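Beneath this line is the structure, given in structure tokens, with notes to follow.
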Amino acid sequence: MEDKYDLLVIGAGNGGLMAACRTSKMGLRTLVIEKHNLPGGAASSFVRGRFEFEASLHEMPDLGEGEMRGDLGRIFDELGIKVDMVTIKDAFRFIIEKDKERSLDVTIPHGKEKVIKYMNEVCPEDSEAFEKFFLAYDDITKGLEYIGKSKGKADPEILKNEHSNFLKIMSMSTGEFFKYINMSEKCIDIMSAYWPYQGADIYTIDASRYILMIYGFFVQGAHIPKMRSHQLSVAIMNRACELGARFLFDTEVTKVLTKDGAVCGVEVDDGRVFKATAIVSNAFPEVVYSKMLDDKSLIPKLELQKANAREYGFRAFSVYLGLDIPPEEVGIKDYT
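Oh and the sequence shown: position 320 is 312 in the numbering used here, straight run, nothing missing.
Written out as structure tokens, the structure reads:
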């Protein structure tokens, strides 16, 4: 195996796999180093007896066909990644029950027009708020598009005059935004159902990120790999290999090496050194900064402040439950 690469990728999680695909397609010599014996990170599955369980990933938007093909699907098409997907029928079923009394039981469909029609039936007083929700999505995408085109030199006057709603939304939490557009508590309860996907409550999650996510599920639908998440990870890895990337498993990066103020390679757990012009890390920044980087004086002050300012999301545990009867017999008829 070569010991000098254009790019080294630390970790074969979703981000690392996609980075390897992209750079290999660009013609860069790319090596991915992963401490586990399989690719995937969160996008993985495991077998116990006659059951195959998902490790973490539940569903993804954007990977349908036609109008349901979103940004992620288009990236897959561009990179030539092919995965057989199954479309989930509905967005989610949401139930509120107290003392065995069910006060709310709704099943939200996929598709913008279907969602609007259904929500107008369930929460007729929120029709104007719901319209503002979809307009907010347009404001966010236009604002982000302008910032992207400005390449870090956005004009404050243009932002103030042409993207004022974008600026307002960017300063709000999800809960604050729902209140700002005068959404009823009942509608807020329903619209907040996706909060576990972001790992925090709606008064902590920023509005822009939540709006972009929930819009994606509403409009582009939800999809799962036909053969579980491991199929997805293997498909991305295989495509990266076809494009020229190399993978090294059961190997942990222990040190990021630098020379003359720039990264120059990595050292792995058995002492080998791999040289590189650039490095992409799929590991958390605080792990790289505190445990891997050999010269911590090179960490940009702003990046260090950002890493130290981050808070962990909620903690949870999963129960992997295999049933010996069809799910319908115990009342499970919905995926989400």
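Positions of the beta carbon are idealized from the N, C-alpha and C atoms, including for glycine.
Note that this is a predicted model, so its numbers are computed, not measured.
Please determine, among C115, S16, T79, L49, the residue with the shortest C-alpha to C-alpha distance to G103. T79
- prompt: Which of the three DSSP states, helix, strand or coil, is assigned to Y202?
  reply: helix
- Rounded to the nearest angstrom, how far is the Cβ of G32 from that of S221, given a contact under 8 Å? 7 Å
(request) Could you tell me if R231 is buried or exposed, where buried requires 16 or more neighbouring beta carbons within 10 angstroms of its beta carbon? (result) buried
(message) Do E51 and A227 count as a contact pair if the criterion is CB distance below 9 Å?
(response) no
Which runs of the beta strand (DSSP E) spanning at least 3 residues fall entirely within the segment 13 to 86, listed in chain order? 22 to 25, 37 to 40, 43 to 46, 77 to 79
| field | Three-state class that DSSP yields for R220 in the structure shown | value | helix
- Can the beta-carbon of I108 be found less than 9 Å from the beta-carbon of V280? no
**Message:** Considering just the uninterrupted stretch of the alpha helix (DSSP H) at C256, what are its terminal residues?
**Reply:** Taken as a continuous stretch (DSSP letters only), C256 belongs to no alpha helix (DSSP H), being part of the beta strand (DSSP E) at 254 to 260.
What residue range is occupied by the uninterrupted alpha helix (DSSP H) comprising E295?
293 to 301
Nearest candidate by alpha-carbon position, reference N157, set F170, K288, M219, L127: L127
Worksheet item: By a C-beta neighbour count over all protein chains shown, 10 Å radius and 16 as the cutoff for buried, is L96 buried or exposed?
Response: exposed
| query | Who are the near neighbours of F306 in its chain, counting only those whose CB is closer than 7 Å to its CB and skipping five residues on each side? | reply | G191, A192
- prompt: CA-CA distance, Y129 and W187?
  reply: 17 Å
So for P116, helix, strand or coil by DSSP? helix
Check your understanding: Of all the alpha helix (DSSP H) runs that stay within the bounds of the segment 134 to 199, which reach a length of 4 or more residues?
Key -> 148 to 154, 156 to 162, 166 to 172, 177 to 183, 187 to 190
**Message:** Tell me which residue opens and which closes the beta strand (DSSP E) that L240 is part of.
**Reply:** 238 to 240
Taking DSSP as the reference, what is the three-state secondary structure of D130?
-> helix
Tell me which residues share the same chain as G236 and place their Cβ nearer than 6 Å to its Cβ, disregarding the 5 neighbours each side in the sequence.
S16
In terms of alpha-carbon separation, which member of D287, Y195, G72, F210 lies closest to Y110?
F210
Here's a check: name, in chain order, each residue in its chain whose Cβ is nearer than 7 Å to the Cβ of S200, leaving out the five neighbours to either side. I132, I161, M162
Thinking C-alpha only, which one of A268, K74, A11, K(-4) is nearest N331?
-> Nothing about residue 331 can be read from this structure; the chain reaches only from -7 to 328.
Checklist entry - If you follow the beta strand (DSSP E) that E93 is part of, which residue opens it and which one closes it? => result 93 to 101
Requested in this report: Pull up the distance between the alpha-carbon of E117 and that of S176, whole angstroms please.
Outcome: 8 Å
| task | Can you give me the start and stop residues for the beta strand (DSSP E) that S273 sits inside? | result | 265 to 273
Reducing DSSP to helix, strand and coil, say where V226 ends up.
-> helix
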